[in-house]
Structure formats: structure tokens, C-alpha cells
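Engineer: Input: one structure, supplied below.
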Amino acid sequence: MIKLIMHNKRYKVLSFKKFKIKRGFTLIEIIVTMLILFITLAMVSPLLNYNLKSLYITENKNDLQREANYSLENFINKAMQATKIEEISESNTDPDDTGFISCKSDSTVKSIKYIKFCRVDQIATGTGGNYNYIFIYDSNSKTLKYGETDDNVNMQVAQDIDDIKVEPLPLGKSFDKCSGIKVQVKFSKHLVDSYVLTSQVKFRNYP
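Numbering (the numbering used here), first residue to last: 2 to 208.
Structure, rendered in C-alpha cells:
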């Protein structure tokens with residue numbers, strides 16, 4: 002179609018542009034595109050899941066190691082101040098057994114659920130004071146709690162603990178006669194292999 006218009010007293014000829022109608026996607030093309038997309042996702046998804054799992058494991062492992070070192074440090078700092086072990090109780094295989102059975106006369110390695118360190122301060126007047134550092138391990142919640150009296154052991158100082166083993170030092174000494182201990186703590190977390198820390202502690206105030 003041709004249209005004449007007046008512009009500056011001259012006639013110009015303008016023509017309408019012919020618009021090209023674009024063809025839409027057909028159903029076959031959409032199906033093929035989606036199929037290619039699904040195949041690509043199926044190939045990439047396992048790799049993505051593996052990378053995410055590896056990242057999760059790495060983060061959990063780092064968290065576990067940091068918590069484990071901090072927890073053992075707290076335990077050791079209290080044990081170092083001790084004069085002696087006042088009481089110690091080994092773990093029972095029965096998770097419902099909440100009682101404490103003393104094993105302080107033993108001289109072998111024990112998996113413990115209760116230990117009380119005692120520090121006896123002597124002063125020039127002949128009087129002194131006793132200070133207790135008490136730790137209780139709960140195998141059900143996998144937590145370690147601390148307190149200074151038996152009725153107030155409620156401060157959680159560690160978690161994700163599978164086992165706490167304690168051995169009196171020097172070798173051959175019983176817990177109530179020892180001047181130090183060797184402690185081994187086993188930690189674990191979801192998707193993370195067990196992490197074990199071991200340390201030896203000398204009682205600074207041993208007579």
C-alpha cells in the first residue's frame with residue numbers, strides 16, 4: 002500500500018513496512034528442549050549433591066574439631082588444679098542406670114560418667130579450703146556437664162561425646178592415689194568419622 006503526504010510543500014511517498022510474523026515453538030520443540038534440560042540436570046545433579054555433601058562434612062568436621070579441643074581444654078584446666086581425685090564412677094552399659102558406682106580404688110583404664118577432682122589449699126595458719134571440680138557425662142545426650150557441688154552440675158561444657166576414658170598416672174597407681182591422669186575423649190557428629198583427643202594431666206597441687 003502506498004500513501005501520499007504533504008511535507009514542506011513536497012510530496013513524499015511512504016510505504017508501510019511489512020511485518021514478519023514470527024513462528025512460535027511447536028510442541029515437539031518444547032518437549033525436545035525439556036528432555037535435553039532433564040538429561041543435563043540428571044548428569045549434573047549427582048556431582049552437585051556430592052559437592053554439597055563434601056562441603057557439609059568438611060564444615061561438620063571443622064566444627065567438631067574446634068568443639069573437641071575447646072572441651073578437652075576446659076577439662077584439663079580443671080584437672081590440673083586438683084590435689085587428688087575425690088571420686089570417680091565408670092560408665093554402665095545400661096543407659097537407664099543413673100547411679101554412680103565408685104571405681105577410685107582401681108588402677109586400670111575406665112570409661113567414666115562421673116569424676117570429682119578436689120583441690121586442697123593449705124595456708125600458714127593451718128586452715129585450708131577444699132574446692133571441687135565435678136564432671137558428669139550423660140551417654141544419652143552425649144554431653145559433658147560441669148559444676149562445683151554435686152547438686153549443681155548443670156553447666157554444659159561439651160557435646161557430641163561418645164566416650165571418655167581415664168587412666169591413673171603413674172601406671173600401677175589407683176585413682177585415689179594417682180598424681181595425674183591420662184584422658185582420652187572420643188567425639189563424633191553426623192556424617193563425620195570419630196575424632197579422638199588424648200592428653201596427660203599432672204596434678205599441680207599433688208602433695
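From the three backbone atoms N, C-alpha and C, an ideal C-beta is built for every residue, glycine too.
Considering only residues of the same chain and omitting the five flanking positions on each side of Asn61, which have a CB-CB separation below 7 Å?
Structural biologist: By one-based count along the sequence shown, residue 61 stands at place 60. Apart from sequence neighbours up to five positions away, the residues of its chain that approach Asn61 with a beta-carbon distance below 7 Å are Lys190, His191, Leu192, Val193, ordered along the chain.
Engineer: Run through the stretch 104-173 for me and flag every whole beta strand (DSSP E) of 3 or more residues, listed as ranges in chain order.
Structural biologist: Runs of the beta strand (DSSP E) lying entirely within the stretch 104-173, each at least 3 residues long, are 111-123, 129-139, 144-148, 156-159, 162-170 in chain order.
Engineer: Can you list, in chain order, the residues of its chain with a C-beta nearer than 6 Å to that of Glu168? Leave out the 5 residues immediately preceding and following it.
Structural biologist: Taking the first residue of the sequence shown as 1, we reach residue 168 at position 167. Contacts found: Val110, Lys183.
Engineer: Let me check one thing: in DSSP terms, what residues is Tyr196 bridge-paired to?
Structural biologist: In the sequence shown, counting from the first residue as 1, residue 196 sits at position 195. Looking at the DSSP assignment, Tyr196 forms a beta bridge with Phe188.
Engineer: From Thr126 to Leu145, what distance separates their C-alpha atoms?
Structural biologist: If you number the sequence shown from 1, residue 126 lands on position 125. If you number the sequence shown from 1, residue 145 lands on position 144. For Thr126, the predicted model reports a pLDDT of 47, less than 50, meaning its position is unreliable; a value from the coordinates is still stated below. When rounded, the distance between both Cα atoms is 37 Å.
Engineer: Cβ atoms of Tyr147 and Asn93: under 9 Å apart, would you say?
Structural biologist: One-based indexing of the sequence shown puts residue 93 at position 92. One-based indexing of the sequence shown puts residue 147 at position 146. For the pair Asn93 and Tyr147, the CB atoms are not nearer than the 9 Å cut-off.
Engineer: Quick one: which unbroken alpha helix (DSSP H) runs of 4-plus residues sit fully inside the stretch 68-102? Chain order, please.
Structural biologist: none
Engineer: Run the CB neighbour count on Ser103, radius 10 Å, all protein chains shown included, and call it buried at 16 or more, exposed below.
Structural biologist: In the sequence shown, the residue the question calls residue 103 occupies position 102. Counting Cβ neighbours within 10 Å, Ser103 comes out exposed, since fewer than 16 surround it.
Engineer: Less than 9 Å between the C-beta atoms of Pro208 and Thr84, yes or no?
Structural biologist: Taking the first residue of the sequence shown as 1, we reach residue 208 at position 207. Taking the first residue of the sequence shown as 1, we reach residue 84 at position 83. Yes; because the gap between Cβ atoms is below 9 Å, this pair is in contact.
Engineer: Using three-state DSSP, classify Lys178 as helix, strand or coil.
Structural biologist: Indexing the sequence shown from 1 puts residue 178 at position 177. Correct three-state label for Lys178: coil.
Engineer: Could you say which of Lys203, Gln185, Glu30 lies nearest to Phe118 if we only look at CA atoms?
Structural biologist: For the purposes of this step, residue 118 is taken as the residue at position 117 of the sequence shown. For Phe118, the nearest C-alpha among the options comes from Lys203.
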